[in-house]
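Asker: If you scroll down you'll find the structure; I have some questions about it.
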Amino acid sequence: MDNSLDAIFKPKTIAVVGASKNPSKIGYLLLHNLIVNGFTGKVYPVNKDADVVHSIAVYRDVISIPDEVDLAIIAIPVQFVLEAIDDCVKKGVKGIVVITAGFKEVGGKGAELEEQMLQKVRRAGIRLVGPNCMGIVNTDTRVKVVATFIGQAPLPGKVAFVTQSGALGGAIIQYSCRSNVGISKFISLGNKADVSSNDMLAYLEDDDETDTIAMYVESIGNPQKFVEVARRLTRKKPVIVLKSGRTAVGARAVISHTGALAGLDVAYDALFEQCGVIRADTVEAMFDMIKVFTEQPRPTNEDVVVLTNGGGPGILAADALVSKGLKLPEISKKSKHQLSKFIVSEASLSNPVDMTGNATPKDFGKAFEILCRNEKAHSILGMFMPIGSTTFHEALQEVARVKRNCPNKLIMACSVWGEKEEDLRIMREAEVPLFTYPESVGIALAALHKYLKYQKLPTGVIPHFKVDVYKVAKLLESVRKENRRTLTIDESLKVIEYYGIPVAPYQIVKEKNGLPEAASKVGYPLVMKLISKDVIHKTELGGVILDIRNENELLKAYNTIIKRAKTHNVEGVLIQKHIKGGKETIIGVAQDPNFGPLIMFGLGGIYVEVLKDVAFRLHPLTDTDAKEMIRSVRSYPLLEGVRGQQCSDIATIENTLLRVSKLISDFHEIVELDINPFILGTTDTSSFAVDARIMLR
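Going by my numbering, the sequence shown opens with residue 71, and the numbers climb by one from there.
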């Protein structure tokens, strides 16, 4: 168990360095929030120019405090922070939160000050949060630390929030109160000089007060550490991440196809997918997900029953749920019979169940009970529209009553018209997630089921393969000796062959008179490809000719290619069996400056060119990663076989992805790789790589 941050979240004594009498100062707000929110330990204000703050005696410095100090919170001008840090080191303070800004985020001198501060605390073994942060919160009744400078304290609960943005952190606390979401712990990381998001994940892994972890991140400094911690953590608790920067454009010149497809943000998508982390697109979506992830029973199926007293809202709910992959099964005969006894004949007893505007809140509650008792669906959504003298508030009281009687069902309510403070209280006490719009329910439930599926996946292993490392090393060495970075097609095909990846039969021909013999070995129909060390894109030059059926066409194709490449250094041609049938796929490797190699898979042709239907994963791949990335592309059903077609040889493409991952592990100098296309047949004897391109560092 990681308890390295206990001094931050479970202090018995806190020094507020910069405590102030001025209500507009951050030092005042920090001290005020600690006191009014009931911190269970002792608080010591520190200020050289004050005697009493909040009726508490003030100390000139941390060293003067008579007790041991577990946590120091520093909110003073930047030029005095290092002196305060020195005092904390002398005092033996265990944890520090630096609220003050003006460090690395401003560059220059600020960055130097931050580095000096970091070295001081590391030598002393002190953990430091910040600088340039908003503070920390622990709502545990044994501690009650609310060390922030915003006016609103969070509701206690089971959700831990980790944020890199102080401004957004304040909004998160306020939004959590409006959304009825209780918080266990909160931390604003600021510049992350010491304590990082990875440190927080490790700390929260075994925190009994936390069931769900939500994060706002702008970057992840150590992706490998994140993978290590998050993969372990998400087997126990859900992690929901709001990551900014989705639309940033990486202006990087790339030659390979894979590199062009790998934008700045796909690495984060790959990272989260591999770790079972759920990504939210907005703050609202993050909170909607939290509602169904936290303190709720886990549904064992994707079936949802919708109960409403208005046709339009019911249809909207059905659309929202089905569009996210959820199912609305038919209502059982037993439920229909029982419902028909008190619902008007004009009502619809299919799913959604539309009770019409004649239904009272009591009818609504009775129908809810019947559906909870009889239906196999584990998720039930109630949407009650206030009509006439009936109110949404009365309907929610019925929902709360039903929840108490059916604790094993995921019962949700949707207001559409908005909710009041009292409605939120009722739903919070009953532990019923309350949403404003049905679309939010669809997003939240889909995220929940995605997480539950991840938890059922095997952890995955990195398999070992028998490969010819020596031959690849020798080939790459010869390329480097020629001061080249890009391998020719024949060199690229040899590399992947040496790693056990099936390649369509081919022959290298240096002279025209060698064509007939080579063709007889390969067999018609053929494809002819130019071999040249200074031509990367053969197709654009016209250096690829397809469907060569006889010797006359063979010689003609050769003459055509040689003519088109007359201004280039031509070393010969590659003639290859023309593979017909099967599915075109693409496998590739690109480099991310922070994450390292990314491995890509997608279907070829229009699916990759136009639809960008590809999946990325961080290297190295486990067998589970390979399986899941193939199944994550939208066009995957085509590989399973549609309209009577045979299923493609998916095992071979999984094996190929893993062998590519092994190749990249063994040869770090390979920075980009494309196998495009890899023709996937219905058996391992009909699946081949037909073209490849490799670039070295």
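Note that CB positions come from ideal geometry on N, CA and C, so glycine has one too. This one's a predicted model, so the numbers in the text were calculated from it and none came from an experiment.
Taking the alpha-carbon positions, what's the Gly427 to Met455 distance?
Answerer: C-alpha separation (whole angstroms): 8 Å.
Asker: Note down, in chain order, each residue of its chain lying with its Cβ closer than 7 Å to the Cβ of Phe231, except the 5 sequence neighbours on either side.
Answerer: Excluding residues within five positions, the ones whose Cβ falls inside 7 Å are Ile242, Ile253, Phe256 and Ala284.
Asker: Over what stretch of residues does the alpha helix (DSSP H) that includes Ala138 continue unbroken?
Answerer: Here residue 138 is Glu; the residue named in the question, Ala, does not match the sequence. Where Glu138 is concerned, there is no enclosing alpha helix (DSSP H), given that its DSSP letter is neither H nor E.
Asker: Please report the straight-line C-alpha distance between Val684 and Leu673, rounded to a whole angstrom.
Answerer: Approximately 7 Å between the Cα atoms of the pair.
Asker: From this set, Leu546, Val159 and Ala171, which residue's C-alpha is nearest Arg192's C-alpha?
Answerer: Minimum Cα distance to Arg192 is reached at Val159.
Asker: Is Phe434 helix, strand or coil by DSSP?
Answerer: If DSSP states are grouped into helix, strand and coil, Phe434 belongs with the helices.
Asker: Taking DSSP as the reference, what is the three-state secondary structure of Pro293?
Answerer: It is helical.
Asker: Within its chain, find whatever has a CB closer than 8 Å to the CB of Ile669; leave out the 5 residues flanking it on each side and keep chain order.
Answerer: Hits under 8 Å: Ile657, Gly658, Val659, Phe686, Arg687, Leu688, His689, Leu691, Met699, Leu727, Val730, Ser731 and Ile734.
Asker: Mind checking whether Ile310 and Met270 have CB atoms under 8 Å apart?
Answerer: Contact flag unset, no.
Asker: For Lys501, which residues of its own chain have a beta-carbon under 8 Å away from its beta-carbon, when the five flanking residues on both sides are left out?
Answerer: Per the sequence presented here, residue 501 reads as Glu, with Lys not at that position. The residues are Glu365, Gln366 and Lys473.
Asker: Check Glu610 in the structure and name its three-state DSSP category.
Answerer: Correct three-state label for Glu610: helix.
Asker: Taking 8 Å as the threshold (C-beta atoms), are Val592 and Tyr568 in contact?
Answerer: No.
Asker: Taking just the CA atoms, how far does Gly452 sit from Glu491?
Answerer: The straight-line gap from Cα to Cα measures roughly 19 Å.
Asker: What are the start and end residues of the alpha helix (DSSP H) that includes Val336?
Answerer: Val336 to Cys345 is the extent of the alpha helix (DSSP H) around Val336.
Asker: Using a threshold of 8 Å, state whether the C-beta atoms of Ile84 and Leu104 are closer than that.
Answerer: Yes; because the gap between Cβ atoms is below 8 Å, this pair is in contact.
Asker: Under 8 Å, with one C-beta from each stretch per pair, do the region 73-89 and the region 109-118 reach the 3-pair mark?
Answerer: With a cut-off of 8 Å, the region 109-118 and the region 73-89 count as touching, because enough Cβ pairs lie within range.
Asker: Spatial neighbours of Arg767 within its chain, please: C-beta separation below 6 Å, excluding the five flanking residues on both sides.
Answerer: Taken in chain order, the residues that qualify are Glu739 and Val741.
Asker: Ignoring anything shorter than 3 residues, give me the beta strand (DSSP E) runs that lie fully in the region 572-619, in order along the chain.
Answerer: Listed in chain order, the complete beta strand (DSSP E) runs (minimum 3 residues) inside the region 572-619 are 576-579, 596-602 and 614-618.
Asker: Is Asp373 helix, strand or coil when you go by DSSP?
Answerer: Strand, per DSSP.
Asker: On the three-pair Cβ rule with 8 Å, is the region 550-565 touching the region 748-766?
Answerer: Yes, the region 550-565 touches the region 748-766.
Asker: Based on Cα-Cα distance, which residue from Ala696, Lys95, Val207 and Asp281 lies nearest to Pro528?
Answerer: Among Ala696, Lys95, Val207 and Asp281, the Cα nearest to that of Pro528 is on Ala696.
Asker: Using the C-alpha atoms, what's the distance from Gly165 back to Ala77?
Answerer: Approximately 5 Å between the Cα atoms of the pair.
Asker: Using beta-carbon positions only, say whether Tyr628 and Val643 come within less than 8 Å of one another.
Answerer: Cβ distance < 8 Å, so Tyr628 and Val643 count as in contact.
Asker: How should Val680 be labelled, buried or exposed, when 16 other C-beta atoms within 10 angstroms of its C-beta is the threshold for buried?
Answerer: By the 10 Å Cβ count, Val680 comes out exposed.
Asker: Quick one: grab the DSSP three-state call for Ala89.
Answerer: Coil, per DSSP.
Asker: Which residues share a DSSP beta bridge with Glu698?
Answerer: Paired residue(s): none; Glu698 is not in a bridge.
Asker: Given that a residue counts as buried once 16 or more other Cβ atoms are within 10 Å of its Cβ, and exposed if not, what is Pro136?
Answerer: The residue is exposed, with fewer than 16 neighbouring Cβ atoms inside 10 Å.
Asker: When the distance is taken between beta carbons, is Ile348 closer than 8 Å to Lys551?
Answerer: No, the Cβ-Cβ distance between Lys551 and Ile348 is not below 8 Å.
Asker: Which two residues bound the contiguous beta strand (DSSP E) that contains Tyr114?
Answerer: Per DSSP, Tyr114 belongs to the beta strand (DSSP E) from Lys112 to Val116.
Asker: Starting from the C-beta of Leu312, find all residues in its chain whose C-beta is less than 6 Å away, skip the five residues before and the five after it, and write them out in chain order.
Answerer: Hits under 6 Å: Tyr286, Ala350 and Met356.
Asker: Classify Asp538 as helix, strand or coil using the three-state DSSP reduction.
Answerer: In this structure, Asp538 counts as coil in the three-state DSSP scheme.
Asker: Who are the Cβ neighbours of Ala517 in its own chain at under 6 Å, not counting the five residues just before and after it?
Answerer: Ile348 and Met359, listed in sequence order.
Asker: List the residues that DSSP assigns as beta-bridge partners of Thr83.
Answerer: Looking at the DSSP assignment, Thr83 forms a beta bridge with Lys112.
Asker: Would you call the CB atoms of Gln234 and Glu175 closer than 8 Å?
Answerer: Cβ distance not < 8 Å, so Gln234 and Glu175 don't count as in contact.
Asker: Three or more beta-carbon pairs under 8 Å between the region 501-516 and the region 390-410, yes or no?
Answerer: The region 501-516, when compared against the region 390-410, does touch it at the 8 Å Cβ threshold.
Asker: How many Å lie between Ser756 and Ala635 at the Cα?
Answerer: Rounded to the nearest angstrom, the two C-alpha atoms are 32 Å apart.
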